[in-house]
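Here the structure is laid out as structure tokens; the discussion comes afterwards.
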Ligand SMILES: C[S@@+](CC[C@H](N)C(=O)[O-])C[C@H]1O[C@@H](n2cnc3c(N)ncnc32)[C@H](O)[C@@H]1O
């Protein structure tokens with residue numbers, strides 16, 4: 001997850017919350033490629049099932065400024081209650097004008113682990129040693145768009161096909177058939193007014 005704040009002539013600031021080795025790997029790989037951040041980049045390694053708001057504040061996060069939150073490819077790896085807690089905390093830490101970008105995967109309810117294993121088999125031949133189904137929390141969870149709306153966010157959900165079309169790109173023929181996650185709805189949300197749902 002990345003939260004980025006900054007407005008007017010200030011330098012934008014960004015922070016990445018992830019589990020430590022992943023965070024270190026990403027930072028090192030980008031540096032090795034010579035891809036330096038254009039904003040101040042302050043990684044905050046943290047397990048998002050735990051008290052990440054305290055870690056963010058301790059790292060200098062300022063909740064009085066609007067924040068752009070990005071939770072990309074993350075939610076299916078969090079237990080349902082941690083997903084809700086994530087958006088509770090994001091809402092509590094968000095000044096009006098803040099935005100959230102994330103995705104909603106309705107099919108996680110009946111995620112097909114065997115299909116996922118079959119699809120990742122070629123990657124295992126190339127050295128991938130993870131078992132994706134064992135990383136995913138399946139079963140019922142709160143639909144992200146509904147949850148954010150209830151918290152006062154204005155929410156827009158875009159289906160995968162519509163997103164491809166918006167950017168003038170052809171949709172792979174079998175995108176939804178081969179993806180073990182099924183349909184993915186891309187979500188963006190904006191917080192207007194001052195309707196924050198309580199502090200964490
Ligand atoms: C499929 S990757 C998405 C990567 C992301 N889109 C990016 O470009 O960096 C899933 C990410 O979720 C993170 N993740 C999974 N469970 C987590 C948790 N409990 N706390 C923090 N990060 C977690 C992993 O470290 C990994 O970076």
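Numbering (the UniProt record's numbering), first residue to last: 1 to 200.
Heads up, the beta-carbon is just placed ideally off N, CA and C, and yes, glycines get one too.
- Boundaries for residue 49: no alpha helix (DSSP H) harbours it, and the DSSP string shows neither H nor E there.
- Looking only at 87, 28, 52 and 46, the smallest Cα-Cα distance to residue 145 is reached by 87.
- In the structure shown, residue 45 falls within a strand segment according to DSSP collapsed to helix, strand and coil.
- If you draw a straight line from the Cα of residue 48 to the Cα of residue 143, it is about 19 Å long.
- For residue 104, the enclosing beta strand (DSSP E) covers residues 99-104.
- With a cutoff of 7 Å on beta-carbon distance, residue 148 and residue 77 are scored as not near each other.
- Boundaries of the alpha helix (DSSP H) harbouring residue 91: 80-92, taken from the DSSP string.
- The three-state reading of DSSP puts residue 158 in strand, counting E and B together.
- A straight line joining the alpha-carbon of residue 66 with that of residue 81 spans about 25 Å.
- Here DSSP, grouped into helix, strand and coil, assigns residue 136 to coil.
- Ligand 1 has a heavy atom closer than 6 Å to the beta-carbon of residue 73.
- The beta carbon of residue 42 sits no closer than 6 Å to any heavy atom of ligand 1.
- Taking C-beta separations shorter than 8 Å and ignoring five residues to either side along the sequence, the partners of residue 131 in its chain run 117, following chain order.
- If you check the C-beta of residue 48 against ligand 1, you find a heavy atom less than 6 Å away.
- For residue 29, no beta strand (DSSP E) encloses it; the enclosing alpha helix (DSSP H) starts and ends at 20-32.
- The C-beta distance from residue 141 to residue 108 rounds to 7 Å, short enough to meet the 8 Å contact threshold.
- A direct Cα-to-Cα measurement between residue 39 and residue 123 gives close to 34 Å.
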